Amino acid sequence: AQTVTQSQPEMSVQEAETVTLSCTYDTSESDYYLFWYKQPPSRQMILVIRQEAYKQQNATENRFSVNFQKAAKSFSLKISDSQLGDAAMYFCAYYNAGNNRKLIWGLGTSLAVNP
Amino acid sequence: DTAVSQTPKYLVTQMGNDKSIKCEQNLGHDTMYWYKQDSKKFLKIMFSYNNKELIINETVPNRFSPKSPDKAHLNLHINSLELGDSAVYFCASSPIGREQYFGPGTRLTVT
């Protein structure tokens, strides 16, 4: 069965610094998608970034980028120039079409940004 | 323009009551979902519908019943509410094979 592991329940970063959140997953599939979602205190779930497994290039969205290591089954999120508004829970998720269109979720990492 | 909307955003009710949460999406997506997020922030899939057809039905008490009148709507009805049902309930939608878009959540408190 596919699983997603976020090994860091809590992390903190100084404003303007860079932080990396880790995510590993387990699958025997070769075609899948990976996502990072952000959930700020407002509780809205916001899609941060998406990576297709067949793409070798790492996805980037402004200050957010990923380090996708397919062989190692690793999908870390890097936040550059951290801002106070980045403080949130971050969830890593895996999707494969053969999984009944179900996302497999990690347990989340709570990120604090210190001024 | 709200993409995925849920009503109500907050719901406080007593044990034993029956309540419904409504969800609508205007994104034209084929698939909709209901999730439960507990106090530890764990997201648990409950149900999923594709074009009004139930495709995911996780181990959920049968007091919970989803209803999809059309592919833009997926409502959740809960009978005989219990204290343990207190949580945030999220509706989401997605096009086939892609990311999910979430509603704002409904915080249910059962007293």
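Going line by line, the protein sequences match chains A and B. Numbers 61 to 175, taken from this note's numbering, label the letters of the first sequence in order. Numbers 6 to 116, taken from this note's numbering, label the letters of the second sequence in order. Beta carbons: idealized from backbone N, C-alpha and C, even for Gly. In this text the structure is predicted, and so the values were computed from the model without any measurement.
Using 7 Å as the threshold, is the C-beta distance between A/PHE95 and B/GLU104 below it? yes
Roughly how many angstroms lie between the CA atoms of B/THR111 and B/PRO74, to the nearest whole one? 20 Å
Would B/GLN42 pass as a contact of B/ALA92 if the rule is Cβ separation under 7 Å? yes
For A/SER140, I'd like the list of residues in its chain whose CB is within less than 7 Å of its CB, leaving aside the five on either flank, ordered along the chain. THR78, ARG123
Beta-bridge partners of B/TYR94, as assigned by DSSP: B/LYS41, B/THR111
Would you say A/LEU137 faces chain B, with C-beta separation under 7 Å as the test? no
Does A/MET105 have its Cβ less than 7 Å from a Cβ in chain B? yes
Sorted by chain position, which residues of the same chain lie with C-beta nearer than 8 Å to B/LYS49's C-beta, five sequence neighbours on each side aside? TYR40, LYS41, GLN42, ASP43, GLU63
Quick one, which of A/ARG103, A/TYR150, A/TYR93 has its alpha-carbon nearest A/SER82's? A/TYR150
Measure the alpha-carbon distance for A/THR63 versus A/LEU163 and round it to whole angstroms. 10 Å
So which of A/TYR93, A/ARG161, A/ALA172, A/ALA76 has the shortest CA-CA distance to A/LYS130? A/TYR93
Of all Cβ atoms in chain A, is any one closer than 7 Å to the Cβ of B/PHE107? yes
Backbone secondary structure at B/LEU48 - three-state DSSP: strand
Compute the distance between the beta-carbons of B/MET20 and B/LEU86, then report whether it is under 7 Å. yes
For A/PRO175 and A/LEU144, which I take to be in contact (beta-carbon distance under 8 Å), what is that distance rounded to the nearest angstrom? 6 Å
Could you tell me which of B/PRO66, B/LEU79, B/GLY33 sits nearest to B/PRO100, measuring between CA atoms? B/GLY33
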